[in-house]
Structure formats: C-alpha cells, structure tokens
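Asks:
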Amino acid sequence: GAVVSQHPSWVICKSGTSVKIECRSLDFQATTMFWYRQFPKQSLMLMATSNEGSKATYEQGVEKDKFLINHASLTLSTLTVTSAHPEDSSFYICSAPSPWGGEQYFGPGTRLTVT
Amino acid sequence: DAKTTQPTSMDCAEGRAANLPCNHSTISGNEYVYWYRQIHSQGPQYIIHGLKNNETNEMASLIITEDRKSSTLILPHATLRDTAVYYCIVRDRGNSGYALNFGKGTSLLVTP
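Protein chains in written order, with our numbering: chain S, 31 to 145; chain G, 458 to 569.
As structure tokens, then:
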C-alpha cells in the first residue's frame, strides 16, 4: 500500500528554538496534505491543510505565523514550529489522500518535546 | 460528514472475535463508512470502508445494516497487536480531498 513517511520520528528542542518536520508521500503524489496534532489521551485535531502551489489553510485557533507550512513539491510538505514553547510539545501527524480511492494515508507521527 | 457514536472502550480476549459497533443514524445515501485505527504512539492506519454491502479484507470485516444506520467492524481473531483506538468515520467519498474528522473512537484492549 501507499506509504507516507515523517522525519524525524522524535525531536527534543529547547524553548525558543524552531523545529522542522517533514512529511513525504513515498509512492504517490499528493497535492494536498494534512497536519494534525494530538495531545496525550486525546484524539487527533486538524491543524492545517497544506496545498501544493498555494498557501496553507489553517484551522481556527492555529497560529499561522507559529506553525509554518510549506508544500515544497508534490511529495513533500514541511511543518516548522517556530519559537517553540513547552505547550507545543505534542504528537504531530501528517496525512495525504489516496489518489486511488477515498482513504487517507498517515505518517507515523513525530513526537516533539520542548524543554 | 455524518456524526458517529462509538463505545468508549471494549475488551476482547486474544483469539476471539472483536466486534466494534458504530452508530451513524444520520448517514446520507452517498456517504461511506470508513474505519481507521491508531496503535499507541503511531499514526492512524486505514482498515476498511464500505457503502452498503458487507466488506472483507485481510484485516477485518465490515458489516453494515440494511438501513445503513449502524455498522460493526469485526476483527475475526484478535491478537495483542490489535490493541488500539478504533475510529469509525462517515464521509462522502468525493470528499477525499478533505481532512478526516476524528471523534473519540473506541479503545480496544485485547487481553491474553
């Protein structure tokens, strides 16, 4: 089946620094990718939609200047958490719609810890 | 997308069938039922989907009632690795370009 990868799988950074997370579709092209955030014992919450060739769209309450999204190519989207704070510590997951059907493929997630 | 209701948690003995119910009474005619699961600290995984006929693949079976207001995901021989949160999501297949709306799902615990 189709594969979506994320890098890194986990990262620890200091407060005030920036962290970039990559999401790649390995065997298909994705003009759209989605970024979710998941806090402990909670469900996935959509943060933003990454669109190749245009600006990302953000969900209400998500700061677009803090969470920078760049859909660099048809197989790569990046999420940069700028000036990270401890409250940004979370599990970040990306997904891409299947080009063959209605399902979506998810990356394995990136665990971000801000100290 | 139509709203779904799932039990918060369920237990199942290893080797037995796990039957996970989902209610979607407001489903419309062109909406499919999708099931995903999320094993702890991993990304969600697609399991199966269906419109109105029962479906089976290598992972599970999906039984949809005739009125389509509810469905059951069946893991025929649950293993410890099936312990996960299972999400039932109803959506129009034409909306595949949109993000999924995850509810709380059912936390399935498979015990030895």
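Virtual Cβ for every residue (Gly too), placed ideally from N, Cα, C.
Let me check one thing: in DSSP terms, what residues is residue 49 (chain S) bridge-paired to?
Replies: Mapped onto the first sequence, residue 49 (chain S) falls at position 19. For residue 49 (chain S), which the question treats as bridged, DSSP gives the partners S:111.
Asks: For residue 127 (chain S), return the contacting residues in chain G, with the cut-off set at a CB-CB distance below 7 Å.
Replies: In the first sequence, residue 127 (chain S) corresponds to position 97, counting from 1. Those within 7 Å of residue 127 (chain S) in chain G are 553 and 554.
Asks: Going along the chain, which residues of its own chain have a beta-carbon closer than 7 Å to the beta-carbon of residue 104 (chain S), five neighbours each way excluded?
Replies: The residue labelled residue 104 (chain S) in the question sits at position 74 within the first sequence. Excluding sequence neighbours, residue 104 (chain S) sits near 59, 60, 61 and 82.
Asks: Suppose you measure from the CA of residue 564 (chain G) to the CA of residue 110 (chain S); what does that come to, to the nearest Å?
Replies: Position 107 of the second sequence holds residue 564 (chain G). Position 80 of the first sequence holds residue 110 (chain S). Each residue's Cα considered, the two are about 31 Å apart.
Asks: If contact is defined by three or more beta carbon pairs under 8 Å, each pair taking one atom from either stretch, is the stretch 536-553 of chain G in contact with the stretch 477-493 of chain G?
Replies: These segments touch.
Asks: Is the CB-CB distance between residue 142 (chain S) and residue 34 (chain S) below 9 Å?
Replies: The count along the first sequence starts at 1 and reaches residue 142 (chain S) at position 112. The count along the first sequence starts at 1 and reaches residue 34 (chain S) at position 4. No, these two residues do not count as a Cβ contact at 9 Å.
Asks: My output table needs one value for residue 537 (chain G): the three-state DSSP class, helix, strand or coil.
Replies: Counting from 1 along the second sequence, the entry for residue 537 (chain G) is found at position 80. The answer is helix: DSSP assigns residue 537 (chain G) an H, G or I state.
Asks: Report the CB separation of residue 78 (chain S) from residue 89 (chain S) in whole angstroms; it is logged as a contact under 8 Å.
Replies: Within the first sequence, the letter at position 48 stands for residue 78 (chain S). Within the first sequence, the letter at position 59 stands for residue 89 (chain S). Confirmed, Cβ separation roughly 6 Å.
Asks: So that I know if they touch, is there some Cβ in chain G lying closer than 9 Å to that of residue 131 (chain S)?
Replies: Within the first sequence, the letter at position 101 stands for residue 131 (chain S). Yes, contact with chain G.
Asks: Looking only at DSSP bridge pairs, what is residue 577 (chain G) linked to?
Replies: Only positions 458 to 569 of chain G appear in the structure, and residue 577 (chain G) is not among them; the question remains open.
Asks: Would you kindly report the start and end of the unbroken beta strand (DSSP E) that includes residue 65 (chain S)?
Replies: By one-based count along the first sequence, residue 65 (chain S) stands at place 35. Its beta strand (DSSP E) spans residues 62-68.
Asks: Taking residue 53 (chain S) as the reference, give the member of S:80, S:70, S:73 and S:44 with the closest Cα.
Replies: Residue numbering aside, residue 53 (chain S) sits at position 23 when the first sequence is read from its first letter. Per the Cα distances, S:80.
Asks: Measure the C-alpha to C-alpha separation of residue 472 (chain G) and residue 518 (chain G) and round it to an integer number of angstroms.
Replies: As a first step, residue 472 (chain G) must be located in the second sequence, where it is residue number 15. As a first step, residue 518 (chain G) must be located in the second sequence, where it is residue number 61. C-alpha separation (whole angstroms): 16 Å.
Asks: Count the other C-beta atoms from every protein chain shown that fall within 10 angstroms of the C-beta of residue 525 (chain G), then say buried if there are 16 or more, exposed otherwise.
Replies: Counting from one through the second sequence, the residue named residue 525 (chain G) turns up at place 68. It counts as buried.
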